[in-house]
Amino acid sequence: MTIAVDENGYYGEFGGAFIPEMLYPNVEELRKNYLKITQEPEFQQQFQHLLKDYVGRPTPLFLAERLSEQYGAQIYLKREDLCHTGAHKINNTIGQILLARRLGKTRIIAETGAGQHGVATATVCALMGMQCIVYMGSVDIERQAPNVARMRMLGAEVRPATSGSQTLKDATNEAIRDWINNPVDTHYIIGSVVGPHPYPDMVARFQSVISQEMKAQLLEKTGKENPHAVIACVGGGSNAAGAFYHYLNAPEVRLIAVEAAGEGVDTGRSAATSVLGTRGIIHGSRTLLMQTPDGQIVEPHSISAGLDYPGIGPLHAHLIQTGRAEAVAVTDEEALASAFHVARKEGIIPALETAHAFSALDKIRFERDEVLVICLSGRGDKDLAAYIRHLEAH
0 MTIAVDENGY YGEFGGAFIP EMLYPNVEEL RKNYLKITQE PEFQQQFQHL LKDYVGRPTP
60 LFLAERLSEQ YGAQIYLKRE DLCHTGAHKI NNTIGQILLA RRLGKTRIIA ETGAGQHGVA
120 TATVCALMGM QCIVYMGSVD IERQAPNVAR MRMLGAEVRP ATSGSQTLKD ATNEAIRDWI
180 NNPVDTHYII GSVVGPHPYP DMVARFQSVI SQEMKAQLLE KTGKENPHAV IACVGGGSNA
240 AGAFYHYLNA PEVRLIAVEA AGEGVDTGRS AATSVLGTRG IIHGSRTLLM QTPDGQIVEP
300 HSISAGLDYP GIGPLHAHLI QTGRAEAVAV TDEEALASAF HVARKEGIIP ALETAHAFSA
360 LDKIRFERDE VLVICLSGRG DKDLAAYIRH LEAH
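Taking numbering that gives the first Met the number 0, the leading residue of the sequence shown gets 0, the next gets one more, and so forth.
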């Protein structure tokens with residue numbers, strides 16, 4: 000089974016571009032040009048230069064010795080938390096802003112949940128001298144205040160989304176409305192492997208630098224390019240898409256996608272889309288989606304703003320549905336416990352999103368001395384308020 004997007008933007012039955020007529024010219028312009036532009040030697044040269052000298056790539060692959068000893072495996076951490084801005088999101092925003100400039104766009108819009116994508120977008124807009132507007136749910140603005148402050152300091156305008164659950168889904172709705180109203184001068188930098196084609200494929204390609212580096216680093220450290228398993232958290236799923244990318248067609252490598260179970264998969268307050276979702280269309284693509292029998296979106300819940308999304312990227316829906324990836328659901332409490340465990344075992348405070356990935360170590364079976372790579376997608380500075388509340392409660 001070869002896993003690649005087809006010319007219509009589908010991974011198996013998931014994907015496509017379900018968009019209002021007003022957006023057709025924008026999305027079509029991107030679809031026709033993204034591969035041609037991003038494969039130009041000059042584009043690649045500039046992209047690689049910025050990844051190296053601005054973002055700080057390659058990020059280290061760190062053998063977590065105390066965790067490895069505890070679990071009886073070789074556990075490596077791909078340190079995306081050490082990227083400029085503190086997460087993997089910047090890999091994609093650098094790529095997209097270079098693309099937007101080549102398409103003659105002057106105004107950038109974005110959506111954000113945890114705020115990391117918003118910060119990464121505001122960062123590259125400051126770098127390139129472009130106007131930046133970030134849509135963010137009112138609830139997320141409150142729980143991710145440090146990132147809101149960073150975006151504003153970088154010169155971005157943060158616009159609250161006050162409809163629905165006032166989280167990531169609603170911020171995305173507002174950004175799409177803005178794009179419909181400003182089709183000529185505006186590029187929408189989507190932060191995850193979601194949205195209409197070509198976004199899921201384009202974002203995955205920009206993030207694929209993660210697994211590209213992992214292969215070379217594993218070869219150097221273990222003598223083999225391929226680990227036994229790659230573990231990553233999935234909301235929309237851009238860090239997971241990047242970590243899985245160069246292993247998609249290597250069936251011997253287990254791909255483990257870790258979702259947010261919230262208060263529990265069966266509680267009605269969850270974001271475990273692969274368990275609770277059915278086929279549906281959200282934000283321009285057909286994917287797995289948490290919805291009522293008549294197609295109304297079920298509000299997701301997760302303590303982690305970056306995983307608080309009722310859908311999942313179409314690539315991940317395809318991987319999980321075909322059995323190529325295994326889905327694991329982790330509750331808020333389990334993720335909090337993992338965050339403190341990793342902090343005290345390895346001296347690394349992970350983002351709440353990433354903490355979910357660490358919890359998978361307690362839920363999957365693996366053999367002694369197997370090589371496992373966890374994509375440490377972001378650092379925990381932005382989640383300190385939640386961590387302090389947890390400390391005070393315990």
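Ideal Cβ positions, reconstructed from N, Cα and C, are used throughout, including at glycine.
All of these numbers come straight from a predicted model, not from anything done at the bench.
{"Asked": "Helix, strand or coil, according to DSSP, for G136 in the structure here?", "Found": "strand"}
{"Asked": "Quick check on the DSSP output: the alpha helix (DSSP H) that includes A170 runs from which residue to which?", "Found": "L167 to N180"}
{"Asked": "What three-state label does DSSP hand A270 in the structure shown?", "Found": "strand"}
{"Asked": "Would a C-beta distance cut-off of 8 Å place A242 and V202 closer than the cut-off?", "Found": "no"}
{"Asked": "Should Q295 go down as buried or exposed, given a rule of 16 or more other Cβ atoms within 10 Å for buried?", "Found": "exposed"}
{"Asked": "For a test of the three-state rule: what should DSSP assign to A109, helix, strand or coil?", "Found": "strand"}
{"Asked": "Taking the alpha carbon of L375 as the point to measure from, which residue in N32, A86 and P40 has its own alpha carbon closest?", "Found": "A86"}
{"Asked": "With contact counted as at least three CB pairs below 8 Å, one residue from each stretch, are the region 263-275 and the region 338-356 in contact?", "Found": "no"}
{"Asked": "Go ahead and label D382 buried or exposed: buried means 16 or more other beta carbons lie within 10 angstroms of its beta carbon, across all protein chains shown.", "Found": "buried"}
{"Asked": "Enumerate, from N- to C-terminal direction, the unbroken beta strand (DSSP E) stretches of 3 or more residues contained entirely within the region 63-113.", "Found": "73-78 and 106-111"}
{"Asked": "Is it true that the region 146-161 meets the region 179-186, where meeting means three or more beta-carbon pairs spaced less than 8 Å apart?", "Found": "no"}
{"Asked": "Taking the continuous beta strand (DSSP E) assigned at L371, which residues delimit it?", "Found": "V370 to L375"}
{"Asked": "Please name the residue or residues paired with L288 in a DSSP beta bridge.", "Found": "T277 and G310"}
{"Asked": "Could you give the first and the last residue of the continuous alpha helix (DSSP H) run that contains V208?", "Found": "V208 to T221"}
{"Asked": "Which residues does DSSP list as the beta-bridge partners of F61?", "Found": "L76"}
{"Asked": "In this structure, does DSSP put G305 in helix, strand or coil?", "Found": "helix"}
{"Asked": "Helix, strand or coil, according to DSSP, for E325 in the structure here?", "Found": "strand"}
{"Asked": "Can you tell me the Cα-Cα spacing of L97 and A174, whole angstroms?", "Found": "20 Å"}
{"Asked": "In the DSSP assignment, the beta strand (DSSP E) including E156 goes from what residue to what residue?", "Found": "E156 to A160"}
{"Asked": "Rounded to whole angstroms, how far is the Cβ of T350 from the Cβ of R378, which I believe are closer than 8 Å?", "Found": "A small fix is needed here, since residue 350 is Ala in this sequence, not Thr. Indeed they touch by this definition, with Cβ atoms about 6 Å apart."}
{"Asked": "Spatial neighbours of I387 within its chain, please: C-beta separation below 6 Å, excluding the five flanking residues on both sides.", "Found": "none"}
{"Asked": "CA-CA distance, T92 and T84?", "Found": "11 Å"}
{"Asked": "Would you tell me roughly how many angstroms separate the C-alpha atoms of I311 and V193, rounded to the nearest one?", "Found": "7 Å"}
{"Asked": "Below 8 Å on the Cβ atoms is my contact criterion, and I expect Q290 with T277 to pass it. Report the Cβ-Cβ distance as a whole number of Å.", "Found": "6 Å"}
{"Asked": "Ignore the nearest five residues each way along the sequence and tell me which others in R65's own chain have a CB closer than 7 Å to its CB.", "Found": "K344 and E345"}
{"Asked": "Label Q206 either buried or exposed according to how many other C-beta atoms from any shown protein chain fall within 10 Å of its C-beta, with 16 as the threshold for buried.", "Found": "buried"}
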